[in-house]
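Student:
Number of protein chains: 2
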Amino acid sequence: MYDSKMYELGAAASVIRTIFEYGNARKKEIGADNVFDFSIGNPSVPAPAKVNETICDLVKNMDSVALHGYTSSAGDYEVRQTIAENLNSRFGTDYSGDNVYMTVGAAASLTVTIHALCEAEDEFVVIAPFFPEYRVFIEGAGAKVVVVPAMKPSFQINFEALEQAITPHTKAIIINSPNNPSGVVYTTQTIEKLAELLRKKEAEYGKPIFLISDEPYRELVYDVTTDTPFPAKIYENTIICYSFSKSISLPGERIGYILVPNSVKESKAIFAAVCGAGRALGFVCAPSLFQRVAAACINEKTDLTIYRTNRDLLYQALTEYGFHCVYPDGAFYLFVEALEEDAEAFCDKAKAFELLLVPADSFDCPGYVRISYCVSTDMVRRSLPAFAALAKSYGK
Amino acid sequence: MYDSKMYELGAAASVIRTIFEYGNARKKEIGADNVFDFSIGNPSVPAPAKVNETICDLVKNMDSVALHGYTSSAGDYEVRQTIAENLNSRFGTDYSGDNVYMTVGAAASLTVTIHALCEAEDEFVVIAPFFPEYRVFIEGAGAKVVVVPAMKPSFQINFEALEQAITPHTKAIIINSPNNPSGVVYTTQTIEKLAELLRKKEAEYGKPIFLISDEPYRELVYDVTTDTPFPAKIYENTIICYSFSKSISLPGERIGYILVPNSVKESKAIFAAVCGAGRALGFVCAPSLFQRVAAACINEKTDLTIYRTNRDLLYQALTEYGFHCVYPDGAFYLFVEALEEDAEAFCDKAKAFELLLVPADSFDCPGYVRISYCVSTDMVRRSLPAFAALAKSYGK
Numbered sequence: 068m069y070d071s072k073m074y075e076l077g078a079a080a081s082v083i084r085t086i087f088e089y090g091n092a093r094k095k096e097i098g099a100d101n102v103f104d105f106s107i108g109n110p111s112v113p114a115p116a117k118v119n120e121t122i123c124d125l126v127k128n129m130d131s132v133a134l135h136g137y138t139s140s141a142g143d144y145e146v147r148q149t150i151a152e153n154l155n156s157r158f159g160t161d162y163s164g165d166n167v168y169m170t171v172g173a174a175a176s177l178t179v180t181i182h183a184l185c186e187a188e189d190e191f192v193v194i195a196p197f198f199p200e201y202r203v204f205i206e207g208a209g210a211k212v213v214v215v216p217a218m219k220p221s222f223q224i225n226f227e228a229l230e231q232a233i234t235p236h237t238k239a240i241i242i243n244s245p246n247n248p249s250g251v252v253y254t255t256q257t258i259e260k261l262a263e264l265l266r267k268k269e270a271e272y273g274k275p276i277f278l279i280s281d282e283p284y285r286e287l288v289y290d291v292t293t294d295t296p297f298p299a300k301i302y303e304n305t306i307i308c309y310s311f312s313k314s315i316s317l318p319g320e321r322i323g324y325i326l327v328p329n330s331v332k333e334s335k336a337i338f339a340a341v342c343g344a345g346r347a348l349g350f351v352c353a354p355s356l357f358q359r360v361a362a363a364c365i366n367e368k369t370d371l372t373i374y375r376t377n378r379d380l381l382y383q384a385l386t387e388y389g390f391h392c393v394y395p396d397g398a399f400y401l402f403v404e405a406l407e408e409d410a411e412a413f414c415d416k417a418k419a420f421e422l423l424l425v426p427a428d429s430f431d432c433p434g435y436v437r438i439s440y441c442v443s444t445d446m447v448r449r450s451l452p453a454f455a456a457l458a459k460s461y462g463k
Numbered sequence: 068m069y070d071s072k073m074y075e076l077g078a079a080a081s082v083i084r085t086i087f088e089y090g091n092a093r094k095k096e097i098g099a100d101n102v103f104d105f106s107i108g109n110p111s112v113p114a115p116a117k118v119n120e121t122i123c124d125l126v127k128n129m130d131s132v133a134l135h136g137y138t139s140s141a142g143d144y145e146v147r148q149t150i151a152e153n154l155n156s157r158f159g160t161d162y163s164g165d166n167v168y169m170t171v172g173a174a175a176s177l178t179v180t181i182h183a184l185c186e187a188e189d190e191f192v193v194i195a196p197f198f199p200e201y202r203v204f205i206e207g208a209g210a211k212v213v214v215v216p217a218m219k220p221s222f223q224i225n226f227e228a229l230e231q232a233i234t235p236h237t238k239a240i241i242i243n244s245p246n247n248p249s250g251v252v253y254t255t256q257t258i259e260k261l262a263e264l265l266r267k268k269e270a271e272y273g274k275p276i277f278l279i280s281d282e283p284y285r286e287l288v289y290d291v292t293t294d295t296p297f298p299a300k301i302y303e304n305t306i307i308c309y310s311f312s313k314s315i316s317l318p319g320e321r322i323g324y325i326l327v328p329n330s331v332k333e334s335k336a337i338f339a340a341v342c343g344a345g346r347a348l349g350f351v352c353a354p355s356l357f358q359r360v361a362a363a364c365i366n367e368k369t370d371l372t373i374y375r376t377n378r379d380l381l382y383q384a385l386t387e388y389g390f391h392c393v394y395p396d397g398a399f400y401l402f403v404e405a406l407e408e409d410a411e412a413f414c415d416k417a418k419a420f421e422l423l424l425v426p427a428d429s430f431d432c433p434g435y436v437r438i439s440y441c442v443s444t445d446m447v448r449r450s451l452p453a454f455a456a457l458a459k460s461y462g463k
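For the record, the sequence lines run as chains W and S. Heads up: the first sequence begins at 68 in the working numbering, then just goes up one per residue. Heads up: the second sequence begins at 68 in the working numbering, then just goes up one per residue.
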């Protein structure tokens, strides 16, 4: 009577959502200030002031029919050109608006790209830990997910394992740097080695292997000294999936883009397939007002000081308490080894201290937990004794 | 290397788009005032003033993190409840927010519903003429399109043909009233007869047959005397697909909803499948600001006087010139018999009079043309001599 897979996807409460809802109930019981909810990756920093100023300016000064009307399916050309020029000025690339396809956020960037590329028997390689929806998107397009665990404790790519995972069916590798949930940023050396391996495999199989670079956290890197390569500059068959959700704190507005550089094999045909996939999935065009907001605010940055303060507080304190933490250069996640083998049991125990953490099993990385530090610094400070007590309960 | 079907969808210029682009080039050659472009169905009436007022109010007065943050995947519950209550007060239904799933516009309402319902070997019946993207959405979900031509000249449903088209594989019938491109509104008698037939076939095959009621033009009906039934009130297995694009002139902002009434067989499971399909296709949530705008403006109406004036002018004049026009009770389209068998040749001839009309072949209704009258009344008036001359060139 209905698609049972869609039913399962809709009926299955996600682990994160379940913890979030437990948290809301618990807050009602014991007061919001007494629950330390680190479960949800929703930006806690408001959008830059210019976002709201631009919204009001546009509705006051632009013709309503033009402002709220359809744009072309790939997006308003001026918006696309502005995005291309911004990338060119930052990364020394030579993109134009013709390379940019505006999307309804990061998830749409991924589903449209995957549906555009996907043929029968295709495999998409993901590096664990990875955002759980990758599996939903890849399987939803009828392709197979191939998981390659990252190296520990650096959480950079394990190239030996990756080389073994690539087959003649491999359509693409999906990377996400800065990473959700590890917070790790891939180094230039990692991306160069990846490019080298992919070129070797392309030559071996006589076909392109695409690198899908999922970059919603691109702008969330905390130290100027961090090595932050731009993968599309290093590997020619890179397709960028971007979202403005985290960079200017607009996750609910659903605005992002796909960038298909001219260096991509048959780039024009692939861009056309992207347009076709957007059409088939029902996207029509990205929200028109927010296309223009994104372009007007392309140089705006979210205030990173809160996230950085939270990161520093948590990393230092938790390390001191005896936790093993992956040092996060970016995103707003701290990835921590659970103090027992079963991360779910560990998270249950953490609840006794009112700490809401996410076991990383659903990120295909058992034994770890994700701490989302896109929360108030005040809450971080108040939570530290609870983390200390949790460590102590494990004899640390 | 990429999905060839997606490539074809992206590379194929739609008939409407091609005419629209010819129009833009022609306007540059001979001046915009000398081209009578009736090709595009983009609302020409601005959004009600309250839309822009609400946008500014929200960005000024609501917390930025809450306003621009994720809503739940089905949408903000207050917004969903407001929509349900509005329908209840208008149609005497008893919906709640739990029946409403917010979408990224009409196309998303359809793709999400179709993907939620679609199982192997499913057939979806459409009544010709129909919006060409129906075919893209149905085939994109892996199902088969079954076309049933409407009765002429009333363009109501041909029940004999429909009965023959329904098989044990029929998952749903899609209707669109007021209709794009015919402008026809289905009568209560039509919907009641449809309900009767579907119930009979459900009993025969021992399974539900859903009615997907695609209602983006619901609010665009010009005469208070027009019989405008609410299909979900008449047939229990109706799922409503709605969009605010036309009702408050926000086509580019991508906001709409799916409504699954409790009367639908296994409605809770189907609602879950809708949530799952939204997730798999990459929608996450509908744009958060415009969810709230839609709720705040639920009682706003676009100014229909311009559309009605245009309809009356065109229908009267064209009928007088010897054209056979379907009388449009709603939407903003006039459906006219071409003056020769080949509607494409007829539209080519119309170009000589600077009239840009859309042949209805892509709507699966050869021999007709669609005139979109969501244009300025001034252009309609100035175009009339060209229509007269076109008729005369055919000896009318």
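Every residue, glycine too, gets a C-beta built ideally from N, C-alpha and C. Note that this is a predicted model, so its numbers are computed, not measured.
#1: Thinking C-alpha only, which one of S/ALA419, S/TYR74, S/GLY345, S/SER460 is nearest S/GLU407?
#2: I'd like the list of long-range same chain contacts for S/GLY434, defined as Cβ closer than 7 angstroms, with 5 residues on each side in sequence excluded.
#3: Specify the secondary structure class of S/ASP431 as computed by DSSP and reduced to three states.
#4: For the candidate residues W/ARG93, W/PHE197, W/LEU265, W/PHE226, whose alpha-carbon lies nearest to that of W/ILE464?
#5: Take S/TYR89 and list the residues in its own chain whose beta-carbon comes closer than 8 angstroms to its own, dropping the five residues that flank it on each side.
#6: Determine the chain W residues that contact S/GLU320 at a beta-carbon separation under 7 angstroms, and present them in chain order.
#7: Does the region 89–102 of chain S come within contact of the region 344–359 of chain S, defined as at least 3 CB pairs closer than 8 angstroms?
#8: If the cut is a Cβ gap below 7 angstroms, which residues of chain W does S/ILE337 touch?
#9: Just to make sure I have the definition right: I need the residues of chain S whose C-beta is within less than 8 angstroms of the C-beta of W/LEU177. Which are they?
#10: Determine the direct distance from the alpha carbon of W/MET169 to that of W/TYR289, and round the result to whole angstroms.
#11: Distance cutoff 8 angstroms, beta carbons only. Does S/LEU423 sit that close to anything in chain W?
#12: What does the Cβ neighbour count give for W/ARG378, buried or exposed, with the cut at 16 atoms within 10 Å?
#13: Establish whether the CB of W/GLY273 and some CB of chain S are separated by less than 8 angstroms.
#14: Kindly indicate which residue of W/LYS219, W/ARG202, W/MET218 has the alpha-carbon position closest to the one of W/LYS211.
#15: Output, in chain order, the set of chain S residues within a Cβ distance shorter than 7 angstroms of W/GLY172.
#16: Please go through the region 300–337 of chain S and give each complete beta strand (DSSP E) segment of 3 or more residues, from N-terminal end onward.
#17: If contact means a Cβ-Cβ distance below 8 angstroms, which residues of the region 110–139 of chain S contact chain W?
#18: Mind checking whether the beta-carbon of S/PRO328 lies closer than 7 angstroms to any heavy atom of the ligand NAP?
#19: Hey, quick one: how far does the beta strand (DSSP E) through S/TYR400 stretch, first residue to last?
#20: May I have the straight-line CA-CA distance separating S/GLN223 from S/VAL425, to the nearest angstrom?
#21: Whose C-alpha, out of S/TYR284, S/THR237, S/SER131, is nearest the C-alpha of S/LYS268?
#22: What separation, rounded to the nearest whole angstrom, lies between the Cα atoms of W/ILE205 and S/THR292?
#23: Return the residue from the list W/ILE122, W/LEU184, W/ALA92, W/ASN101 that minimises the CA-CA distance to W/PRO452.
#24: Please decide whether S/LEU317 counts as near chain W, where near means a Cβ-Cβ distance under 8 angstroms.
#25: For W/PRO426, which of helix, strand or coil comes out of DSSP?
#26: In the DSSP output, which residue or residues are listed as bridge partners for S/LEU11?
#27: To the nearest angstrom, how far is it from the Cα of W/MET68 to the Cα of S/GLY349?
#28: Find the residues of chain S that neighbour W/ALA344, judging by a C-beta separation of less than 8 angstroms, and give them in chain order.
#29: Using C-beta distances below 7 angstroms, list every residue in its chain close to S/SER439, excluding the 5 sequence neighbours before and after it, in chain order.
#30: What is the rounded straight-line gap between the Cα of W/TYR144 and the Cα of W/GLY164?
#31: According to the Cβ coordinates, are W/PRO328 and W/TYR162 closer than 8 angstroms?
#32: Short of 6 angstroms in beta carbon distance, which residues of its chain neighbour S/ALA228, apart from the five on each side in sequence? Order them along the chain.
#33: Does the distance from the C-beta atom of W/CYS414 to that of W/VAL436 stay below 8 angstroms?
#34: Can you tell me where the alpha helix (DSSP H) with W/VAL36 in it begins and where it stops?
#35: So which residues of chain W does S/PHE467 contact, with C-beta pairs closer than 8 angstroms?
#36: Nearest to S/TYR388 by alpha carbon, out of S/ARG346, S/ILE337, S/ALA456?
Tutor: Result, derived from the coordinates:
#1: Nearest of S/ALA419, S/TYR74, S/GLY345, S/SER460 to S/GLU407, Cα basis: S/SER460.
#2: For S/GLY434, same chain residues with a beta-carbon under 7 angstroms away, outside a window of 5 residues either side, are GLU404, ALA405, GLU408, ALA410 in chain order.
#3: Three-state DSSP puts S/ASP431 in coil, outside helix and strand.
#4: The structure shown does not extend to residue 464 of chain W, since chain W spans only 68 to 463, so no value can be given for it.
#5: So the list reads LYS418, LEU423, once near-sequence residues are dropped.
#6: Around S/GLU320, the beta-carbon contacts reaching into chain W at under 7 angstroms are HIS135, PRO354, SER355, LEU356.
#7: Remark: fewer than three beta-carbon pairs, one from each stretch, lie closer than 8 angstroms, so the region 89–102 of chain S and the region 344–359 of chain S are not flagged as touching.
#8: Simply TYR69.
#9: Those are GLY349, listed as they occur along chain S.
#10: Whole-angstrom Cα-Cα distance: 27 angstroms.
#11: Under the Cβ distance rule, S/LEU423 does not count among the residues neighbouring chain W, no pair being separated by less than 8 angstroms.
#12: Counting Cβ neighbours within 10 Å, W/ARG378 comes out buried, since at least 16 surround it.
#13: Output row for W/GLY273: interface = no.
#14: Nearest to W/LYS211 by alpha-carbon distance, out of W/LYS219, W/ARG202, W/MET218, is W/ARG202.
#15: What W/GLY172 touches in chain S, judged by beta-carbon distance under 7 angstroms, is VAL351, going in chain order.
#16: Complete beta strand (DSSP E) runs here, min 3: 305–310, 323–326.
#17: Listed in sequence order: PRO110, SER111, VAL112, PRO113, ALA114, VAL118, ASN119, ILE122, CYS123, VAL126, LYS127, ASP130, SER131, VAL132, LEU134, HIS135, GLY136, TYR137, THR138.
#18: In terms of ligand content, the structure shown is empty, and the ligand NAP therefore cannot be addressed.
#19: Segment 400–404, the beta strand (DSSP E) holding S/TYR400.
#20: Their backbone Cα atoms lie some 21 angstroms apart in a straight line.
#21: Measuring from the Cα of S/LYS268, the nearest candidate turns out to be S/THR237.
#22: Answer to the nearest angstrom: the Cα atoms are 51 angstroms apart.
#23: Selected option, being the one with the closest Cα: W/ASN101.
#24: Contacts with chain W at 8 angstroms (Cβ-Cβ) include S/LEU317.
#25: Of the three classes helix, strand and coil, the one that applies to W/PRO426 here is strand, per DSSP.
#26: Any question about residue 11 of chain S goes unanswered here, given that chain S covers just 68 to 463.
#27: Answer to the nearest angstrom: the Cα atoms are 23 angstroms apart.
#28: By Cβ distance, chain S contributes ASP70, MET73, LEU76, GLY77.
#29: PHE105, SER106, ILE107, GLY108, PHE399, TYR400, listed in sequence order.
#30: So the two alpha carbons sit approximately 6 angstroms from each other.
#31: A contact, by the Cβ cut-off of 8 angstroms.
#32: Closer than 6 angstroms at the Cβ level, and outside the excluded window around S/ALA228, lie VAL215.
#33: Result yes, Cβ atoms of W/CYS414 and W/VAL436 sit closer than 8 angstroms.
#34: Because chain W spans 68 through 463 in this model, residue 36 of chain W falls outside it and cannot be assessed.
#35: Outside the displayed span of chain S (68 to 463) sits residue 467 of chain S, for which this structure offers no information.
#36: It is S/ALA456 whose Cα lies nearest to the Cα of S/TYR388.
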